[in-house]
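In full-length UniProt numbering, the protein residues as written are 1 to 262.
For each residue, glycine too, the CB sits at the ideal point set by N, CA and C.
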């Protein structure tokens, strides 16, 4: 039992880098197309809703609607990039391509693989969030001084959503089940977490539900700073994101061990 638990956890603090590097070398061959696809969805929301609804909505919480929306799209871009990297690319490497099986024939443990995959998904989220932040700052929708503060939050957001998605792929029998996660979890979270409109406009029950959302905690850290204000309850929001990053990691490692030993 103790040996099984050790196999499901990282062997040390650096083995995961080999998994991260393997994914990076494979990704850089299609980096441009990958980044373009990752950015398409949040940028369409930003300019489509921002310029269209912005004319009708006017100002929201003291800022133009497109500036309000830009901060939400930074967090959303990180969520989308890490989630889709995990539920499709990681699932493929785990089940179909035999990548995990090959790596497990080295000195790396299952925990090293999971941690490396999470770090890579967080990197993809970081790249997506950085690009959207730079576009927003360039167009005047965010303060340039907010960028150094926003980027670590983007990386943590990506890690949290990748960790949650790891639990999903550890349980999913096939790709067909991912549509349920997308439509029943990711899409409602987008509209209930303050990315597109203020949470305060929601009924009380939904506001209380949104408080537990990792996306809402990320937006509450990012938006005030991008709009030139100080964020409230910083420790609480960071703690919530860390919880979403760490607890599902251990759960998914245990689930993967059970799945791969069948």
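Leaving out five residues on either side along the sequence, give the residues of the same chain with a beta carbon under 7 Å from the beta carbon of residue 61. 68 and 198
Is there a C-beta anywhere in chain B that falls below 8 Å from the one on residue 108? Absent from the structure is chain B; it holds one protein chain and no more.
- Task: Output yes or no for whether 8 Å exceeds the beta carbon distance between residue 248 and residue 193.
- Result: Remark: C-beta atoms of residue 248 and residue 193 do not approach each other more closely than 8 Å.
Q) How do the segment 148–167 and the segment 234–253 stand: do at least 3 beta-carbon pairs fall below 8 Å, yes or no? A) Yes: at least three Cβ pairs fall under 8 Å.
- Message: Which residue wins for smallest C-alpha separation from residue 124, given the options 142, 101, 233 and 89?
- Response: 89
Report the CB separation of residue 142 from residue 71 in whole angstroms; it is logged as a contact under 8 Å.
7 Å
Legend entry - Inter-stretch contact at 8 Å, needing at least 3 Cβ pairs: the segment 116–132 / the segment 78–87: yes
Q.
Buried or exposed for residue 319, going by 16 or more other Cβ atoms inside 10 Å?
A. Because the chain here runs from 1 to 262, residue 319 falls outside it and cannot be looked at.
Could you tell me which uninterrupted alpha helix (DSSP H) segments, each at least 4 residues in length, are contained entirely in the segment 89–137, listed from first to last along the chain?
99–103
Exercise for review: Note down the Cα distance separating residue 22 from residue 94, rounded to an integer number of angstroms.
Suggested key: 14 Å
- Item | residue 274: first and last residue of the uninterrupted alpha helix (DSSP H) it sits in | The chain is shown from 1 up to 262; residue 274 falls before or after that span and cannot be answered.
Taking the alpha-carbon positions, what's the residue 176 to residue 98 distance? Roughly 20 Å between the two C-alpha positions.
Q: Classify residue 199 as helix, strand or coil using the three-state DSSP reduction.
A: When secondary structure is reduced to three states using DSSP, residue 199 falls in the helix class.
- Where are the alpha helix (DSSP H) runs, 4 residues long or more, that stay fully inside the segment 151–194, in chain order? As for any alpha helix (DSSP H) of minimum length 4 sitting wholly inside the segment 151–194, the runs are 178–181 and 187–192, ordered along the chain.
Using only CA atoms, which one of 226, 179, 154 and 251 lies nearest to residue 215?
154
Look up residue 63 in the DSSP assignment and say whether it is helix, strand or coil. DSSP places residue 63 within a strand segment (E or B) once states are collapsed to three.
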